[in-house]
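Residue numbers (the working numbering): -9 to 211. All C-beta atoms in this analysis are idealised placements derived from N, C-alpha and C, irrespective of residue type, glycine included.
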Amino acid sequence: MRTVNQTVKQAGFTLVEIILSLGLTALLLGLLSSGVFIVAGDWNRNSDGLDKSLDQALAVLQIDRALHGAFPHSYTNFDTLGREIYFHGEDDYLSFVSAVSPQRSPGLTVWEMYSVADEGVYLSLVPAFSDNPTQRLSESEPILVLENYTAEFSYLYQDLNENRLWIDEWLGEEQLSLPLAVYVRFVPERDFEDVNEELEIVARIKNNQHRSIRPTTNTGF
């Protein structure tokens, strides 16, 4: 009887094949981690930009609501013993009393806005009592609401001939009333690349006259 020896060959990987497979795996993992890092970085940058845009939109919306709710708040000038309207508006500064408060607190609120070069637009808020709030504003802590922006203000005036024009100053103590509307222009400082487009507010003031204090009737500006 003839015996035939059969040998069974076992399949396996050589050392070179194992090294190549490990190298390819490491390369793929490196590419994958780099892609995830890039996507995560883009996501964080987009999220930061979105958060900043939302904060800016919310700030502009609050200011718009406050201007629409501007109130002809009166106080007594102890030097003249006369009643005056609190509203101080210049081309780069605005302070007024509004029935709108961002914290929805009861009563009237004094809003003050101005811009600082290379910083942005600041906002101060204090309660409005029966006096001149200038002292309380000077003691308050301003908040940076629009970084790297500059604020510009204009005020709508109507003369005796019912001609309307925009002027760059409005003093409530002289006019004894509020302007018909306020135009606010937030201009980005071009030196900063992360600042977006210009922002604008045109707010009509319906309650612009005090019930018992008659406004001035001069026509010269």
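Please name the residue, chosen from N122, L150, V177, V6, that lies closest to F86 on a Cα-to-Cα basis.
The shortest C-alpha separation from F86 is found at N122.
By the 10 Å Cβ neighbour count, where 16 or more other Cβ atoms means buried, how is L14 classified, buried or exposed?
By the Cβ neighbour-count rule, L14 is exposed, with fewer than 16 other Cβ atoms within 10 Å of its own.
E74 to L136, Cα distance in whole Å?
When rounded, the distance between both Cα atoms is 31 Å.
Would you mind working out which of E7, D149, S105 sits nearest D81, comparing C-alpha positions?
Selection E7, D149, S105 evaluated against D81 yields S105 as nearest (Cα-Cα).
Using a 10 Å radius around the Cβ and a threshold of 16 neighbouring Cβ atoms, would you call S228 buried or exposed?
The shown model of the chain, from -9 to 211, leaves out residue 228, and the question about it has no answer.
Per-residue burial, F77 [other beta carbons within 10 Å of its own, 16 or more giving buried]
Counting Cβ neighbours within 10 Å, F77 comes out buried, since at least 16 surround it.
Evaluate W156 with the Cβ neighbour count: other Cβ atoms within 10 Å of its Cβ, from every protein chain shown; 16 or more gives buried, anything less gives exposed.
By the neighbour-count definition (other C-beta atoms within 10 Å, threshold 16), W156 is an exposed residue.
Reducing DSSP to helix, strand and coil, say where E142 ends up.
Strand at E142.
What number of angstroms, rounded off, separates the C-alpha of M103 from the C-alpha of E129?
Straight-line Cα distance between these residues: approximately 15 Å.
Enumerate in chain order the residues of its own chain whose CB-to-CB distance from Q199 is below 7 Å, with the five nearest sequence positions on each side excluded.
A distance below 7 Å between beta-carbons, with the five flanking residues on each side excluded, links Q199 to the following residues of its chain, in chain order: P62, S167, P205.
Enumerate, from N- to C-terminal direction, the unbroken beta strand (DSSP E) stretches of 3 or more residues contained entirely within the region 89 to 126.
Those beta strand (DSSP E) runs which fall completely within the region 89 to 126 and span 3+ residues are 99 to 106, 110 to 117.
What residue does the beta strand (DSSP E) around G162 start on, and which one ends it?
Run containing G162: none in the beta strand (DSSP E); it sits in the alpha helix (DSSP H), 162 to 165.
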